[in-house]
Ligand SMILES: Nc1ncnc2c1ncn2[C@@H]1O[C@H](COP(=O)(O)OP(=O)(O)O)[C@@H](O)[C@H]1O
Ligand SMILES: [Mg+2]
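Numbering (the numbering used here), first residue to last: 326 to 704.
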């Protein structure tokens, strides 16, 4: 019999330790939000919210998306308690807070305008809310240091806000909202004043911070790309009414109506003239559908996403074939956009720029359309 070998004493370092430590540094509670028949009217004629029913899960990155004036800010202000609804109920963390004042809700807001004190240091800006709440100097210092570390602005804390760039100011505004440890963070178009590059960078950063904190974020934007890249789910609003709630891919690939489709950036919508379960007639001609893919029963519109079309190849079996002419070609670098004329109707197509021969204006092209990619959309 041989003695079993003693286990070697090796210390493994887990590359995730660093991240875990950070996660433990700022644990946050998250709350769910429930809106039931929420209504808000300004004056006699302006119905800002027309009966909003919505459930936001705890820890979700949830986005309110819609055009200017559709009621996004009003909804956020009601969540914050800065505006009273005319009807309906609001529950945060399962509790009815409809009549609870703002300072007694565990909710904080980041505004587009930052709303920082320009002449104060970053440190004093971050400590302001804690001071108003009467927290001790020791607590203030600890929490400010923690949040500054979390958002990685350690080297900026002594600077005055008016000496910072727009992107830095927006991160301070975020840190100032987080330092008060809300269960829900509301963000009203916080990135729309920034230039495109910085905006893209902060979109990724904000999303990472939200995931690390596990906090509920309600984010407002009018930009569908921003909504898709950041959100777990999106609610599309029009005139105070929720049109659709879903994941980015649900809302983009299966918009429930023409408003949502157009707002998500779709151009290829064709009025359905006649239809059966597995085909539709439009200005493009008759197209075969996959009946299993269809959600909408009524007449309405046919949506064709430009990126699903294939140009100038052998038409695969079972695909629809369209013949047309290239009317316009837009060179976008990574992709090429074509405006095609099909039987007098305009169809947009997009192809990745893989370096093969491009189709020229005036070329006759064959377009392959997979039945599974055709979506019927309500009017
Ligand atoms: N304090 C107010 N007084 C009167 N009308 C308002 C007020 N706040 C918002 N509105 C109106 O309510 C509608 C929704 O506004 P808002 O919630 O700010 O939209 P969004 O943030 O989506 O642009 C708009 O028609 C707006 O003019
Ligand atoms: Mg607004």
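Glycine included, each C-beta is placed from N, C-alpha and C at the ideal position.
Every value quoted in this text rests on a predicted model; they were computed, and no experiment measured them.
Ligand 2 heavy atoms versus the CB of residue i: any closer than 7 Å?
| i | result |
| --- | --- |
| residue 513 | yes |
| residue 397 | yes |
For my contact list, residue i and residue j are in at a C-beta cut-off of 8 Å; report their separation, rounded to the angstrom.
| i | j | result |
| --- | --- | --- |
| residue 647 | residue 609 | 6 Å |
| residue 493 | residue 481 | 6 Å |
| residue 486 | residue 443 | 5 Å |
| residue 405 | residue 511 | 6 Å |
| residue 558 | residue 387 | 6 Å |
| residue 594 | residue 586 | 6 Å |
| residue 468 | residue 478 | Incorrect: roughly 14 Å between the Cβ atoms, too far for contact. |
| residue 565 | residue 375 | 4 Å |
| residue 696 | residue 643 | 7 Å |
| residue 549 | residue 584 | At roughly 12 Å, the Cβ-Cβ gap does not stay under 8 Å, so residue 549 and residue 584 are not in contact. |
Just curious, the beta strand (DSSP E) that residue i is in, first and last residue?
| i | result |
| --- | --- |
| residue 555 | Note, residue 555: premise wrong, no beta strand (DSSP E); alpha helix (DSSP H) at 549–555. |
| residue 667 | 660–667 |
| residue 545 | 541–546 |
| residue 478 | It is not in any beta strand (DSSP E) - residue 478 carries neither H nor E in the DSSP assignment. |
| residue 600 | 599–601 |
| residue 606 | 604–607 |
| residue 560 | 558–563 |
| residue 516 | No beta strand (DSSP E) holds residue 516; DSSP gives it neither H nor E. |
| residue 614 | That residue, residue 614, is in no beta strand (DSSP E); it is neither H nor E in DSSP. |
In terms of residue numbering, what span does the alpha helix (DSSP H) encompassing residue i cover?
| i | result |
| --- | --- |
| residue 470 | 462–475 |
| residue 585 | 583–588 |
| residue 529 | 521–538 |
| residue 492 | 491–503 |
| residue 486 | Segment: none, residue 486 is in no alpha helix (DSSP H) and carries neither H nor E. |
| residue 573 | 573–578 |
Is the beta carbon of residue i within less than 7 Å of some heavy atom of ligand 1?
| i | result |
| --- | --- |
| residue 367 | yes |
| residue 376 | no |
| residue 391 | yes |
| residue 590 | no |
| residue 394 | yes |
| residue 546 | no |
| residue 434 | no |
| residue 373 | yes |
3-residue-minimum beta strand (DSSP E) runs that sit fully inside the stretch 418–463, ordered along the chain: With a minimum length of 3 residues, the continuous beta strand (DSSP E) runs that stay inside the stretch 418–463 are 432–436.
Jot down the residue ranges of each uninterrupted beta strand (DSSP E) in the stretch 341–411, minimum 3 residues, whole runs only, in chain order. Whole beta strand (DSSP E) segments, 3+ residues: 358–367, 371–381, 386–390.
If we require 4 or more residues per run, which alpha helix (DSSP H) segments fall completely within the stretch 620–703? As far as the stretch 620–703 is concerned, it has no whole alpha helix (DSSP H) run of at least 4 residues.
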